[in-house]
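Here is the structure we will look at, set down as structure tokens.
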Amino acid sequence: MEGHLNLTLKIWRQKNTQTAGKFETYQVSGISTDMSFLEMIDVLNNRLIEEGDDPVAFDHDCREGICGMCSMYINGRPHGPNRGVTTCQLHMRSFKDGETITVEPWRASAFPVIKDLVVNRSAFDRIIAAGGFISVNTGNAQDANNLPINKDNADDAFAAAACIGCGACVAACKNASAMLFTSAKISQLALLPQGQIEAATRAQAMVAQMDEEGFGACSNTGACEAECPKGISIENIARMNREYFSATFSSK
Amino acid sequence: MTKIDAKIPDGNLAEKWTKFKSSVPLVNPSNKRSLEIIVVGSGLAGASAAASLAELGYKVKVFCFQDSPRRAHSIAAQGGINAAKNYQNDGDSVYRLFYDTIKGGDYRAREANVHRLAEVSGSIIDQCVAQGVPFAREYGGLLSNRSFGGTQVQRTFYAAGQTGQQLLLGAYSALQRQVGMGNVQLFTRHEMLDVVTIDGKARGIIARDSVSGALERHFGHAVLLCTGGYGNVFYLSTNAMGSNVTAAWKAHKKGAFFANPCYTQIHPTCIPVSGDHQSKLTLMSESLRNDGRIWVPKKENDTRKANEIPEDERDYYLERRYPAFGNLVPRDIASRAAKERCDAGFGVGSSKMAVYLDYAAAIIRYGKGEANKHNMHSPTDEEIQSMGKAVVKEKYGNLFDMYKQITGEDPYEVPMRIYPAVHYTMGGLWVDYNLMTTVPGLYALGEANFSDHGANRLGASALMQGLADGYFVIPYTIGAYLAAEIRTPSMSTDSEDFVKAEKAVRDRLETLMNIKGSKPVDYFHKRLGKIMWDECGMARSEKGLKASIKEIQALQKEFWSDVKIPGEIDNLNPELEKAGRVADFLELGELMCIDALDRNESCGGHFRVEYQTEDGEALRDDDKFAYVAAWEYEKQSSFKLHKEELKYENIKIAQRSYK
């Protein structure tokens, strides 16, 4: 049933990439437990506007957990306390009346803060551009059913492909490693026969780009898997390492 | 005066596209390298077009307002994509997909475009599989299909409830490959704020870098708008928060006609509104109607819980009214039927504005099927439940999870509560057969154009159309224009036309910032949304529409004198972005009401209460309204109607029946 909460929010405010940021404290009251976390921030922002203050900038778009744009670090966890959800799907019924909630942006040197809670994740686009594809131009394809694919492999590829590119894995990792993200794409394509032709070059190119962007090494703590809103498995990292090492050893 | 010429090729319907492809002028590879194309929007239509054109050798620039092209709202499409593959051997064909789409659109779409769409549909599946899109498969390794509304075959390909995501990531990968190769330049966090025309042709755009606030001028020999639909004019819709009409509306004001703006799709199965705080609505995929049964209590104002209402006291009203299609009637019909039951007092939930979508029967049916498969001869009820739930989880798991997240209720145990919500807009920029608007060199693809869905879109056809336009139509049709542009060199963006266009954009932004009124942008957007939903939503009337036009005009004035935008013009300023979009929605909303008022008939998603059959179905008037309404912008609040007559040469136009 719907209830109402009074909350204290400690939110990271930072004007732009160049300036230093700091926490600001806000009180919000009468927050419906049926609201999503972002709708709660909407309430705060409309109040700030009416009071003549600058509202909190944050990334969001689909608000149904699939676009990967929302990215809040809530009470020390990417996307907040619940497992398997993005910030936009986190509802206020997960919080208690009187609670203090701390909200920060993703913290990683490869994801510089643009403003407040908004960070630059274009490094992910560059990792995909380095090799996260199958080189098939439009019009080249054969009939789709000419290539039967073992259902288990297809299902595993789908599970890896469910990654929404939000960056929670990086934010969760103490080394700010992007291995879960990178390995999900490498795995998806390596598991499919169409993707195997370029598997070796893909793994090498994507890992090289990942390193160049300044992401750290795997911490082996599994925090990425635990915080991933789409449940992307850490097994993908093992598969990526196999692909990468076999590519390296067999390289000409 | 601009004249409408749809440029439909001559010849038999089934041969038009083939003949067009063999006779359209080509651009040789070395000339392609010096031709520049701007693509605005990076969803299915934009990403597929940009990747395919770059593969051909054109120089492409892609713009999106999100932080990455992968965020475009195509990502949220759930259920599937249609294709006339006939893999199920159940009688499907190109003609049948064509026929279903025309009929589903209530005979208000252009035959030639729809037939072409059906023709290329199979190639889309081939292309996506080749890219590594992980569609659902059967144990034999072949692709799986399911049914969607308005069809009696299984032609929908899917990837759980995340088909849009997987298709978009496929197109995005193809796009990023071209970015990596240097053939596409990517501009993220950029919003197009005007089209630049020179001597009547589209020659570029003015875009704002949302991070720095800087205005930029970009030249292109052609400009492609792949900017999606305008459902957010209703404030609450299943669209993403950022989805907007601004690019299309700017094009409209520069001479592109806007077609059938009133054709709006209200999707029958969405999670109901829970309160005033609501910022958007969430769709529950139409695929759920494959297995779920929709019902309300037979008794008015029944306050019992769903599970306490016995079978014979439930009204499965879609199965009752439409036995041939049952729960899989097209969306417009299912939505109106839900509204009818709720308005009559049979709605459920605390708001009484909801109906049940029930999986109990499907869980038992699947559970028994699994028991048979595993040679269990006398399974217990618990075993049947648990195996049945596992099957449902595999098919629809992410949707059930999403429902639980939002409502706090477990749909495996209690039926979902659903209600219609704004989902898709069939109307859009008018385009000819080549997808060109009435401005030469300016194209519209995907949901941004009006072309293929008539007055109602069938489920799983939006993904098909977006990718058809981008992968298989524009790479051919753009040649008809660009072959004559090979002598046009790249133009300097210092010319007077570019400078003037940029100044107009800057002036408007400054005007907005300087209003310094008292109300946030959302205040105006919500009020507009309420007017649109009440009077230009599922049921429209002459009286209501006339009143709304006046109300919207008054709201426009209030907005331009009282909106309050904080922050700075030269910094990341989401409120300023929103304000520009809402200003455009306020003008579009007015045109939608004008169009709805002008169309004195009911068809598909456009239901005028004055025009209905005795049993409450939409009543078309084919003698007077078998045309596309293409509106020309004259000046503020003044639009001129042009009619494109719809000729049905291959399909006998008939009363649409799903009974």
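Sequence order for the protein chains is A and B. Its first residue numbered 1, the first sequence is counted upward by one per residue in the working numbering. Its first residue numbered 1, the second sequence is counted upward by one per residue in the working numbering. Just so it is clear, CB atoms sit at the ideal spot from N, CA and C, and this is done for glycine as well.
Counting of Cβ neighbours within 10 angstroms places B:S461 among the buried residues, the total reaching 16 or more. Q66, D67, S68, R70, R71: these are the residues of the stretch 56–72 of chain B whose beta carbon lies less than 7 Å from some beta carbon of chain A, given in chain order. Listed in chain order, the positions of the stretch 206–235 of chain A with a beta carbon within less than 7 Å of a beta carbon of chain B would be empty, since no residue qualifies. Partner residues in a beta bridge of A:N16, as assigned by DSSP, do not exist. The beta carbons of A:A57 and A:K115 sit about 4 Å from each other, so the pair counts as a contact at 8 Å. Membership of A:T100 in the beta strand (DSSP E) is indicated by the continuous run 100–104.
At a cut-off of 8 Å between beta carbons, A:T87 makes no contact with chain B. In this structure, B:N456 sits away from B:L435, with a CB-CB distance that is not shorter than 8 Å.
Any Cβ of chain B closer than 8 Å to the Cβ of A:M240 would place that residue at the interface, and such an atom is absent. Identification of chain B residues near A:N137 by a Cβ-Cβ cut-off of 7 Å yields E55, ordered along the chain. The DSSP assignment places complete beta strand (DSSP E) segments of no fewer than 3 residues inside the stretch 9–79 of chain A at 22–32, in order along the chain. The stretch 65–72 of chain A makes contact with the stretch 88–104 of chain A; the number of CB pairs closer than 8 Å reaches 3 or more. Following the DSSP letters along the chain, one finds B:V179 inside the alpha helix (DSSP H) bounded by residues 163–180. Distance check between B:E447 and each of B:N28, B:E15, B:S279, B:N260 places B:N260 closest, using alpha-carbon atoms only.
Judged by DSSP secondary structure, B:M192 falls within the beta strand (DSSP E) whose first and last residues are 190–198.
Scanning chain A for C-beta atoms nearer than 7 Å to the C-beta of B:Q166 yields A161, reported in chain order. For the stretch 467–488 of chain B, the beta-carbon criterion of a distance under 9 Å to any beta-carbon of chain A is satisfied by G470, Y471, F472, P475. In chain A, no part has a C-beta under 9 Å from the C-beta of B:R146; the shortest such distance is about 16 Å. Rounded to whole angstroms, the Cβ separation of B:A421 and B:L175 is 30 Å, and the two are not in contact under 8 Å.
Annotation: Cβ neighbours of B:E138 in chain A (cutoff 8 Å, chain order): K151. In the DSSP assignment, B:S638 is bridged to B:K635. Of the candidates B:M513, B:E510, B:G326, B:I549, B:G326 places its Cα closest to the Cα of B:S657.
Residue environment: B:G182 is assigned as exposed (fewer than 16 neighbouring CB atoms within 10 Å of its CB, all protein chains considered). When only Cα atoms are considered, B:A354 and A:T221 end up about 45 Å apart.
Residues of the same chain with a CB within less than 7 Å of the CB of B:L288, apart from the 5 flanking positions on each side, are T269, L357, Y396, L399 in chain order. Counting along the chain, B:V582 sits inside the alpha helix (DSSP H) bounded by residues 574–598. The DSSP-derived three-state label of B:M416 is strand.
Under DSSP, B:Q88 shares a beta bridge with no residue. Counting only the Cα atoms, A:S219 lies some 38 Å from B:N239. Counting only Cβ-Cβ distances below 8 Å, A:N6 has no contacts in chain B at all, with the closest Cβ about 15 Å away. Across the structure, A:D34 and B:L13 are spaced so that their CA atoms are roughly 53 Å apart. Between A:A161 and A:Q194, the CB-CB gap reaches or exceeds 8 Å. DSSP places A:A108 in no alpha helix (DSSP H); its state is neither H nor E. Taking a C-beta distance under 8 Å as the contact criterion, A:E213 and A:R107 do not qualify as a contact pair. Under the 8 Å criterion on CB atoms, A:G68 is classed as interfacial with respect to chain B. Between B:S335 and B:M592, the C-beta spacing is not below 8 Å.
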